[in-house]
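Chains as they are written, first to last, in the working numbering: chain Y, 313 to 378; chain U, 3 to 232.
Beta carbons are placed, not taken as given, at the ideal position from N, Cα and C, and that holds for glycine.
For clarity, every value in this text was computed on a predicted model and none was experimentally measured.
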């Protein structure tokens with residue numbers, strides 16, 4: 313005679329799949345820490361900004377001749 | 003079956019196992035199941051906690067009562083084992099169940115249970131150590147004192163990947179995975195494998211951050227026992 317319940321509960325394949333998911337619990341969805349990227353990866357944007365800065369900056373002031 | 007009820011019941015059962023390890027008596031599986039509102043979720047919890055329900059018997063040499071053995075057997079009847087696991091979750095479940103059935107057979111004197119398949123099929127390639135370590139963590143119930151078997155051998159053969167995995171989990175602040183992998187690190191240390199991390203310091207580090215979830219506390223209790231820490 314069973315010690316826990318007189319009637320065996322009935323489970324479905326979906327119950328078994330749910331239990332499998334609980335057993336094989338995935339890792340948390342936090343992102344990995346950011347990885348360092350070499351400076352060269354941002355070189356194109358940096359060069360563009362530097363060029364724009366040079367074009368838009370006022371010219372070097374010249375001292376008037378006496 | 004309600005998955006959240008099953009997870010709650012598993013936490014309650016893990017708490018009972020923790021209490022038994024601290025000397026409060028037996029786990030009392032039959033009593034645990036009788037106290038559950040949903041017996042299906044309760045039996046699911048028995049399968050979810052898996053081989054850990056036998057920790058007081060393994061660690062403290064407590065005898066397994068016939069009633070408790072019947073509850074475990076009933077959980078296998080109600081949730082039949084996958085005969086041909088295909089999906090990754092099914093493979094993890096197959097090894098998790100194997101560990102439970104194997105300890106049950108050892109404690110009851112029944113015939114040995116055949117292992118599911120090649121451990122590489124469930125763990126994956128160690129080259130992809132991050133994914134490999136998550137699979138190892140999912141099989142933490144196989145890492146108990148005196149554990150042997152194909153998965154234990156496969157994990158113990160890769161101490162660097164194991165330690166990379168646990169440090170990655172700690173850096174990600176994923177202390178569910180970290181506590182499970184700490185248990186494997188402790189087992190590997192107990193087997194005499196040289197490790198690139200100090201297992202006692204690791205246990206202390208994770209213990210400060212793991213919170214109060216009974217299943218993680220159980221992982222750390224096993225790890226402490228394996229490294230001989232108080």
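Of the choices the options, whose alpha-carbon is the least far from that of residue i?
i, options, result
"residue 226 (chain U)", "U:211, U:213 and U:192", "U:192"
"residue 6 (chain U)", "U:91, U:173, U:43 and U:201", "U:43"
"residue 109 (chain U)", "U:80, U:70, U:81 and U:131", "U:70"
"residue 236 (chain U)", "U:23, U:11 and U:190", "Chain U is shown only over 3 to 232; residue 236 (chain U) falls outside these bounds and no answer can be derived."
"residue 60 (chain U)", "U:230, U:106 and U:195", "U:106"
"residue 333 (chain Y)", "U:27, U:205 and U:9", "U:9"
"residue 130 (chain U)", "U:163, U:111, U:204 and U:114", "U:163"
"residue 146 (chain U)", "U:76, U:212 and U:228", "U:228"
"residue 175 (chain U)", "U:189, U:185, U:149 and U:207", "U:207"
"residue 326 (chain Y)", "U:26, U:12 and U:3", "U:3"
"residue 159 (chain U)", "U:102, U:184 and U:195", "U:195"
"residue 335 (chain Y)", "U:210, U:112, U:167 and U:46", "U:46"
"residue 190 (chain U)", "U:67, U:168 and U:111", "U:168"
"residue 172 (chain U)", "U:149, U:148, U:210 and U:150", "U:210"
"residue 66 (chain U)", "U:98, U:95 and U:111", "U:111"
When DSSP labels each residue in this structure, what does residue i get in the three-state scheme?
i, result
"residue 313 (chain Y)", "Note that residue 313 (chain Y) has pLDDT 42, beneath the 50 cutoff, so the model's placement of it is unreliable and no number is given."
"residue 170 (chain U)", "helix"
"residue 333 (chain Y)", "helix"
"residue 120 (chain U)", "coil"
"residue 328 (chain Y)", "helix"
"residue 213 (chain U)", "coil"
"residue 40 (chain U)", "coil"
"residue 375 (chain Y)", "coil"
"residue 207 (chain U)", "helix"
"residue 132 (chain U)", "helix"
"residue 81 (chain U)", "coil"
"residue 365 (chain Y)", "helix"
"residue 184 (chain U)", "helix"
"residue 114 (chain U)", "coil"
"residue 339 (chain Y)", "coil"
"residue 161 (chain U)", "helix"
"residue 193 (chain U)", "coil"
"residue 229 (chain U)", "helix"
"residue 102 (chain U)", "helix"
"residue 45 (chain U)", "helix"
"residue 127 (chain U)", "coil"
"residue 93 (chain U)", "helix"
"residue 10 (chain U)", "helix"
"residue 149 (chain U)", "coil"
"residue 57 (chain U)", "helix"
"residue 141 (chain U)", "coil"
"residue 108 (chain U)", "helix"
Tell me, to the nearest whole angstrom, how far the beta carbon of residue i is from that of residue j; I am working on the premise that it is less than 8 angstroms.
i, j, result
"residue 118 (chain U)", "residue 100 (chain U)", "6 angstroms"
"residue 161 (chain U)", "residue 197 (chain U)", "5 angstroms"
"residue 165 (chain U)", "residue 187 (chain U)", "7 angstroms"
"residue 136 (chain U)", "residue 179 (chain U)", "6 angstroms"
"residue 93 (chain U)", "residue 331 (chain Y)", "Residue 93 (chain U) to residue 331 (chain Y), Cβ: 14 angstroms. No contact."
"residue 13 (chain U)", "residue 215 (chain U)", "7 angstroms"
"residue 132 (chain U)", "residue 170 (chain U)", "6 angstroms"
"residue 28 (chain U)", "residue 58 (chain U)", "7 angstroms"
"residue 233 (chain U)", "residue 73 (chain U)", "Residue 233 (chain U) lies beyond the range of chain U shown here (3 to 232); nothing can be said about it."
"residue 321 (chain Y)", "residue 41 (chain U)", "5 angstroms"
Is any heavy atom in the ligand MG found nearer than 7 angstroms to the beta carbon of residue i?
i, result
"residue 329 (chain Y)", "As for the ligand MG, it is missing from this structure, which has no ligand bound."
**Asked** Which of the residues in the stretch 143 to 155 of chain U, read from start to end, lie with their CB under 8 angstroms from any CB of chain Y?
**Response** For chain Y, none of the residues of the stretch 143 to 155 of chain U brings a beta carbon within less than 8 angstroms of one of its beta carbons.
**Request:** Could you list the residues in the stretch 88 to 112 of chain U with a C-beta less than 7 angstroms from some C-beta on chain Y, going in chain order?
**Result:** 90, 91, 92, 94, 95 and 98
**Message:** Three or more C-beta pairs under 8 angstroms: does that hold for the stretch 41 to 56 of chain U against the stretch 134 to 146 of chain U?
**Reply:** yes
**Asked** At a cut of 8 angstroms, does the stretch 14 to 24 of chain U reach the stretch 206 to 219 of chain U through at least three beta carbon pairs?
**Response** yes
**Request:** Would you check if the stretch 150 to 157 of chain U and the stretch 108 to 123 of chain U touch, i.e. whether three or more CB-CB distances between them fall below 8 angstroms?
**Result:** Touching, yes, given that three or more Cβ pairs across the two stretches are closer than 8 angstroms.
**Prompt:** Between the stretch 323 to 342 of chain Y and chain U, which residues of the former have a C-beta closer than 9 angstroms to a C-beta of the latter?
**Reply:** 323, 324, 326, 327, 328, 329, 330, 331, 332, 333, 334, 335, 336, 337, 338, 339, 340 and 342
**Prompt:** Is it true that the stretch 84 to 95 of chain U meets the stretch 30 to 38 of chain U, where meeting means three or more beta-carbon pairs spaced less than 8 angstroms apart?
**Reply:** no
**Message:** Assess contact between the stretch 70 to 85 of chain U and the stretch 355 to 366 of chain Y, defined as three or more Cβ pairs (one per stretch) separated by less than 8 angstroms. Is contact present?
**Reply:** Not touching, per the Cβ criterion.
**Message:** Against chain Y, which members of the stretch 173 to 195 of chain U pass a CB distance test of less than 8 angstroms?
**Reply:** 173, 174, 175, 176, 178 and 179
**Asked** Using a beta-carbon distance cut-off of less than 7 angstroms, what residues from the stretch 66 to 81 of chain U approach chain Y?
**Response** 69, 72, 73, 76, 79, 80 and 81
**Item:** Residues in the stretch 8 to 42 of chain U having any Cβ partner in chain Y nearer than 7 angstroms
**Value:** 8, 9, 32, 35, 36, 41 and 42
**Residues of the stretch 207 to 232 of chain U whose Cβ lies closer than 8 angstroms to any Cβ of chain Y, in chain order** = For chain Y, none of the residues of the stretch 207 to 232 of chain U brings a beta carbon within less than 8 angstroms of one of its beta carbons.
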